[in-house]
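Asker: My structure is below; once you've seen it, I'll send some questions.
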Amino acid sequence: MNNEALLSTTGIWFLVAYLSSLILIGFAGKIASKEDTLKDFYLGGKGFGVGVLFLTMYATQYSGNSLIGFAGSAYRNGWFFLVGVTFMIAIVGGYLLYAPKLYPISKKHGFITVGDYISFRYNSTLLTYLVVGISIFALSNYMLTNLKAIGYILEYVTGGAIDFMWGIIFMSIIMVIYETLGGMRSVAWTDAIQGVLLFVGVIIIFSVIMIHYGSLEENTTLFLQNQPQLFADITLTNQITWLSILILIFFGISVYPQAIQRIYSAKNEITLRRSLSLMIIMPLLTTLPLVIIAIIGSAHFPGLDKTGSEGIVLLMLHKLTNIEGMSIVITIFVAAAVAAIMSTVDSAMLAIASLFTQDIYHKHHPKASQKRLTYVGKIFSWFIMAFMVVLAINLPSTIWWLIQIKLEILVHIAPAIMLGVHFKKLSYKSILYGLIVGVSFTLLFLLTPLPSKPFGFHAGVIGLLFNFLTIYLHNHFKK
Amino acid sequence: MLKFSFLLLILTIPFLNSDIYYGVPLWAYASLGATILYAVILVFIIEKKWHSLKDKHE
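If you read the sequences in order, they're chains A and B. Under the numbering used here, the residues of the first sequence are numbered -5 to 473, in order. Under the numbering used here, the residues of the second sequence are numbered 61 to 118, in order.
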């Protein structure tokens, strides 16, 4: 690890001030809480207006991976990563397949988690547990990758003054404190700050890079000289990969349990609609600028490996440190990256705690009071965060690949939600068999010597095809 | 029909050549254009057709 701190002393103090403000927001969330119920704690009393709802959706959807991983992908794949802009918009298209029908039902029946809907719709404990189990698995993986990322970032930008392990521990404690203080209210309010920081950060960095490195047109000669392969003609394999990514993200990310909770937490339908409309615009203002930045970076700094490419934005900014005021821009980037990661981890943690409390603990303790349930949820948050921190620090890299498959597994709960709201006569057995067959096929491709991308498609996409097919066949022959 | 708007995503798949115009390959213009078209249609659905997507019985 480098010994040179990227953040100036002022930058570090800015970061400390920002992190301290999150704790204060946690207290504000606690003061604003109206009652000791799961609805109030995990959905903010279902009273979020457009501003908070949109920003919490935005900050949650754009993780650290969106800022760092996307830039790395765009560096390595060039314009092909334009698919990132398309799939971030497609996620909202995924919401539209179920949210208009699910939202009114959730209001009427007081849903808190995705498990509530599955239990209400299919009346099957087994199916509910399976969906909840898959959700917790995917969310845990999401937390792990983001915790690891935050550890690396803090170690890198402080020049090792805060090492990987302490970076993770320090940030986790902050997140779990404000989360257990005010629940969804605190998380959404901190998300609002983090969303603004992320958006402003990307726009400022994009402007700075365009001014100092030149536009795409100005860099054309450099592109063709240093990265001609990024301008090669599109092949059939590229087209299949594009389609496969879109399918995986469309059905996978749009059913993230934390996203569904945000749909539940809207104050009313208009609030939800406005927030979703705004979400459609954001990829053009966030992901697209990042893709352009990384492509310009690939022309100026060719030959970086995967890890190096993920630091391309920081590298480009770092090379401009002789320019006055650049330390402020670097601080903004670091703060935006940290904010993006924190908003993702806290939302995932809140979703896991609510799934455990509402769909597992509450089912086994039906007479537990709301106060008791909220208390159990808070304790579980501390437990799950501690567990994730230990894993993030100690998980051997040999099994790290396992966490990469979260989306390929999560995608299999999509039929239960999307088909469930549209086809009233669809039985739980059809969905259950589809889920089992889909996950089995996915794991078959991922865990055996069979190709992990059969015919160029992700294993999760092929598995999803079998999932839908099984549902159709079972439903058809049952009649 | 609105339920099948996601099929528009197929239009975003790159299919043109890589001739460069203003630093961007031709196929990227087409894919970005189709993406923006899809985005506009989604906004239209959310703002104007939301009620037709709702469950009539709820």
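From the three backbone atoms N, C-alpha and C, an ideal C-beta is built for every residue, glycine too.
Near Glu149/A, which residues of its chain fall below 8 Å by C-beta distance, leaving aside the five closest residues on each side in sequence?
Answerer: Within the first sequence, numbered from 1, the residue matching residue 149/A stands at position 155. Result list for Glu149/A: Met(-5), Ile156, Asp157, Phe158, Gly161, in chain order.
Asker: Please report whether the beta-carbon of Tyr82/B lies at a distance below 7 Å from any beta-carbon of chain A.
Answerer: Position 22 of the second sequence, counting from 1, holds the residue named residue 82/B. Taking Cβ atoms only, chain A reaches closer than 7 Å to Tyr82/B, which makes this a yes.
Asker: What is the rounded straight-line gap between the Cα of Leu86/B and the Cα of Asp79/B?
Answerer: For the purposes of this step, residue 86/B is taken as residue 26 along the second sequence, with counting starting at 1. For the purposes of this step, residue 79/B is taken as residue 19 along the second sequence, with counting starting at 1. If you take the alpha carbons of Leu86/B and Asp79/B, they lie about 6 Å apart.
Asker: Is it true that the stretch 183 to 200 of chain A meets the stretch 44 to 55 of chain A, where meeting means three or more beta-carbon pairs spaced less than 8 Å apart?
Answerer: yes
Asker: Which first and last residues belong to the alpha helix (DSSP H) in which Trp87/B is found?
Answerer: If you number the second sequence from 1, residue 87/B lands on position 27. Element bounds for Trp87/B: 86 to 108.
Asker: So which of Ser113/A, Leu76/A, Leu138/A, Tyr136/A has the shortest CA-CA distance to Val126/A?
Answerer: Within the first sequence, numbered from 1, the residue matching residue 126/A stands at position 132. The shortest C-alpha separation from Val126/A is found at Ser113/A.
Asker: What are the residues that DSSP puts in a beta bridge with Ala260/A?
Answerer: Taking the first sequence and counting its residues from 1, the one referred to as residue 260/A is at position 266. In the DSSP assignment, Ala260/A forms a beta bridge with Phe42/A.
Asker: So Gly432/A is in the alpha helix (DSSP H); what residue range does that whole segment cover?
Answerer: In the first sequence, counting from the first residue as 1, residue 432/A sits at position 438. Note, Gly432/A: alpha helix (DSSP H), 422 to 441.
Asker: State buried or exposed for Tyr111/A, treating a residue as buried only when at least 16 other CB atoms are found within 10 Å of its CB.
Answerer: The count along the first sequence starts at 1 and reaches residue 111/A at position 117. Burial call: buried.
Asker: Ignoring anything shorter than 4 residues, give me the alpha helix (DSSP H) runs that lie fully in the stretch 288 to 323 of chain A, in order along the chain.
Answerer: 300 to 304, 306 to 312
Asker: Taking Cβ-Cβ distances shorter than 9 Å, what residues in chain B pair up with Leu230/A?
Answerer: Start at 1 with the first residue of the first sequence, and residue 230/A comes out as number 236. Residues of chain B passing the Cβ test: none, with the nearest at roughly 10 Å.
Asker: Please state whether DSSP places Tyr56/A in a helix, a strand or coil.
Answerer: Counting from one through the first sequence, the residue named residue 56/A turns up at place 62. Reduced to three states, the DSSP call for Tyr56/A is coil.
Asker: Using a C-beta to C-beta distance shorter than 9 Å, which residues of chain B count as neighbours of Lys95/A?
Answerer: The sequence position of residue 95/A within the first sequence is 101, counting from 1. Going along chain B in sequence order, the residues near Lys95/A (Cβ under 9 Å) are Leu113, Lys114, Asp115, Glu118.
Asker: Just checking my contact of Leu282/A with Ala65/A at CB under 8 Å: how many whole Å lie between their CB atoms?
Answerer: Along the first sequence, read from residue 1 onward, the residue named residue 282/A stands at position 288. Along the first sequence, read from residue 1 onward, the residue named residue 65/A stands at position 71. About 12 Å; that fails the 8 Å criterion.
Asker: Using the three-state DSSP reduction, which class does Ile80/B fall into: helix, strand or coil?
Answerer: Sequence index remark: in the second sequence, residue 80/B carries index 20 (1-based). Three-state DSSP puts Ile80/B in a strand.
Asker: Would you mind telling me which residues of chain B sit closer than 8 Å to Phe225/A, beta carbon to beta carbon, in chain order?
Answerer: Locating residue 225/A in the first sequence gives position 231, where the first residue counts as 1. The answer, in chain order, is Ser78, Ile80, Pro85.
Asker: Chain A beta carbons: is any one of them nearer than 7 Å to that of Leu69/B?
Answerer: Taking the first residue of the second sequence as position 1, residue 69/B is located at position 9. So yes, Leu69/B belongs to the interface.
Asker: Between Phe66/B and chain A, is there a C-beta pair that is closer than 7 Å?
Answerer: Mapped onto the second sequence, residue 66/B falls at position 6. Output row for Phe66/B: interface = yes.
Asker: Please go through the same chain and pick out, in chain order, the residues whose beta-carbon is closer than 8 Å to the beta-carbon of His111/B, but skip the five residues on each side of it.
Answerer: Walking along the second sequence from the start, residue 111/B turns up at place 51. Closer than 8 Å at the Cβ level, and outside the excluded window around His111/B, lies no residue.
Asker: Pro360/A: buried (16+ other C-beta within 10 angstroms of its C-beta) or exposed?
Answerer: In the first sequence, residue 360/A corresponds to position 366, counting from 1. Exposed is the call here.
Asker: Take Lys423/A and list the residues in its own chain whose beta-carbon comes closer than 7 Å to its own, dropping the five residues that flank it on each side.
Answerer: As a working note, residue 423/A is residue 429 in the first sequence. Apart from the 5 residues on each side of it in sequence, Lys423/A sits with its Cβ closer than 7 Å to the Cβ of His468 in its chain, given in chain order.
Asker: Cα separation between Met379/A and Ile163/A?
Answerer: Start at 1 with the first residue of the first sequence, and residue 379/A comes out as number 385. Start at 1 with the first residue of the first sequence, and residue 163/A comes out as number 169. Near 9 Å, if we compare the C-alpha coordinates of Ile163/A and Met379/A.
Asker: To the nearest angstrom, how far is the alpha carbon of Ile205/A from that of Glu402/A?
Answerer: Counting from 1 along the first sequence, the entry for residue 205/A is found at position 211. Counting from 1 along the first sequence, the entry for residue 402/A is found at position 408. Whole-angstrom Cα-Cα distance: 40 Å.
Asker: For Ala546/A and Ile130/A, I'd like the C-alpha separation in whole angstroms.
Answerer: Chain A is shown from -5 up to 473; residue 546/A falls before or after that span and cannot be answered.
Asker: Does any residue of chain B have a CB that is nearer than 7 Å to the CB of Gly432/A?
Answerer: Mapped onto the first sequence, residue 432/A falls at position 438. False, the Cβ-Cβ gap to chain B never drops below 7 Å.
Asker: Assuming Leu113/B contacts Leu90/A (C-beta within less than 8 Å), just tell me the rounded distance between them.
Answerer: What you label residue 113/B is simply residue 53 of the second sequence in a count that begins at 1. What you label residue 90/A is simply residue 96 of the first sequence in a count that begins at 1. Sure, about 7 Å apart at Cβ, within 8 Å.
Asker: From which residue to which residue does the alpha helix (DSSP H) around Ala380/A run?
Answerer: Within the first sequence, residue 380/A is the residue found at index 386, counting from 1. Residues 364 to 388.
Asker: Can you tell which of Val323/A, Phe244/A, Gly319/A has its C-alpha closest to the C-alpha of Tyr92/A?
Answerer: As a position in the first sequence, residue 92/A is number 98, starting the count at 1. Among Val323/A, Phe244/A, Gly319/A, the Cα nearest to that of Tyr92/A is on Phe244/A.
Asker: Using the three-state DSSP reduction, which class does Glu149/A fall into: helix, strand or coil?
Answerer: Counted from its first residue, the first sequence places residue 149/A at position 155. Three-state DSSP puts Glu149/A in a helix.
Asker: Let me see if you follow: with CB-CB separation under 7 Å, is Ala99/B close to chain A or not?
Answerer: Locating residue 99/B in the second sequence gives position 39, where the first residue counts as 1. Yes - at least one Cβ of chain A is within 7 Å of the one on Ala99/B.
Asker: Return the residues of the stretch 261 to 272 of chain A that lie within a Cβ-Cβ distance of less than 8 Å from chain B, sorted by chain order.
Answerer: Within the stretch 261 to 272 of chain A, the residues whose Cβ lies closer than 8 Å to any Cβ of chain B are, in chain order, Glu263, Arg267, Leu270, Ser271.
Asker: Tell whether a beta-carbon distance below 7 Å holds between Ile199/A and Met165/A.
Answerer: By one-based count along the first sequence, residue 199/A stands at place 205. By one-based count along the first sequence, residue 165/A stands at place 171. Result no, Cβ atoms of Ile199/A and Met165/A do not sit closer than 7 Å.
Asker: Using a Cβ cut-off of 9 Å, pull out every chain A residue sitting near Ala90/B, in sequence order please.
Answerer: Here residue 90/B refers to the residue found at position 30 of the second sequence. Chain-order list of chain A residues neighbouring Ala90/B: empty, with the shortest C-beta distance near 10 Å, by a criterion of under 9 Å.
Asker: Given Gly109/A, which residues of its chain have a CB within under 7 Å of its CB, disregarding the five upstream and five downstream residues?
Answerer: The residue given as residue 109/A occupies position 115 in the first sequence. Thr122, Val125, Val126, Leu349, Gln352, Asp353.
Asker: For the stretch 74 to 84 of chain A against the stretch 299 to 311 of chain A, are there 3 or more C-beta pairs whose distance is under 8 Å?
Answerer: These segments do not touch.
Asker: Tell me which same chain residues have a C-beta within less than 7 Å of the C-beta of Pro98/A, skipping the five on either side of it?
Answerer: Indexing the first sequence from 1 puts residue 98/A at position 104. Result list for Pro98/A: empty, nothing under 7 Å.
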